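Okay, so the sequence shown: first residue is 750 according to the working numbering, each after it adds one.
No residue lacks a Cβ here, since even glycine has one placed at the ideal position from N, Cα and C.
All values derive from a computational prediction rather than experimental measurement.
Below: one structure, written as structure tokens.
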Amino acid sequence: MEKLTNKEEEIMQVIWQLKKVFVNDILEEMPEPKPHYNTLSTIVRLLEEKGFLAHKSYGKSHQYYPIISLEAYRGVFVKDSIKKYFGNSVSNLVNYFVKEEELSQTEIDELMKIIEINQKK
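Put into structure tokens, the structure is as follows:
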């Protein structure tokens, strides 16, 4: 699965949220300055070519829906980021967030609970 551009990710976020969309639905959700309809339509077709979307035709209109879930994309992206930026070490990633994001004690406690729960599985 290839990494999406920032604009493609922004559009996919809307599609993942709405589930089934026409280009106009996406356009309504986009922040200002909104892209031109034709530009947005082109990007949506590219996302379909890349295998992220499929569509159902209603006459000349197309309703798009995701074939790649947000969770699947996130998994690939996070694994790739850990590999590229954190020496393929989850510990380095957590260490970064603890130091750089100045986690509160509550957030650290929540992380510890998540780790404990998932170790039991």
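Measure the beta-carbon distance from residue 817 to residue 750 and round it to whole angstroms, keeping in mind my assumption that it falls under 8 Å. Their Cβ separation, rounded to whole angstroms, is 7 Å, which keeps residue 817 and residue 750 in contact under 8 Å.
Quick check on DSSP: helix, strand or coil for residue 818? coil
Would you report the Cα separation of residue 812 and residue 859, rounded to the nearest angstrom? 40 Å
N-terminal and C-terminal residue of the beta strand (DSSP E) that residue 806 is part of: First-last of the beta strand (DSSP E) with residue 806: 802 to 807.
How long is the line joining the alpha carbons of residue 824 and residue 806, rounded to whole angstroms? Taking the straight line from one Cα to the other gives about 30 Å.
Between residue 769 and the rest of its own chain, which residues show a CB-CB distance below 6 Å, the 5 nearest in sequence each way excluded? 812 and 814
Quick one, are the C-beta atoms of residue 802 and residue 795 less than 7 Å apart? no
Tell me whether residue 853 sits in a helix, a strand or coil according to DSSP, three-state version. coil
So, under 8 Å CB-CB, residue 831 and residue 839 are touching, yes? Tell me the CB distance rounded to an integer number of Å. 6 Å
DSSP state of residue 810, grouped into three classes? strand
Assuming residue 819 contacts residue 765 (C-beta within less than 8 Å), just tell me the rounded distance between them. 4 Å
At a threshold of 6 Å, does residue 752 count as lining the ligand ATP (C-beta to nearest heavy atom)? No copy of the ligand ATP occurs in the structure displayed, which carries no ligand at all.
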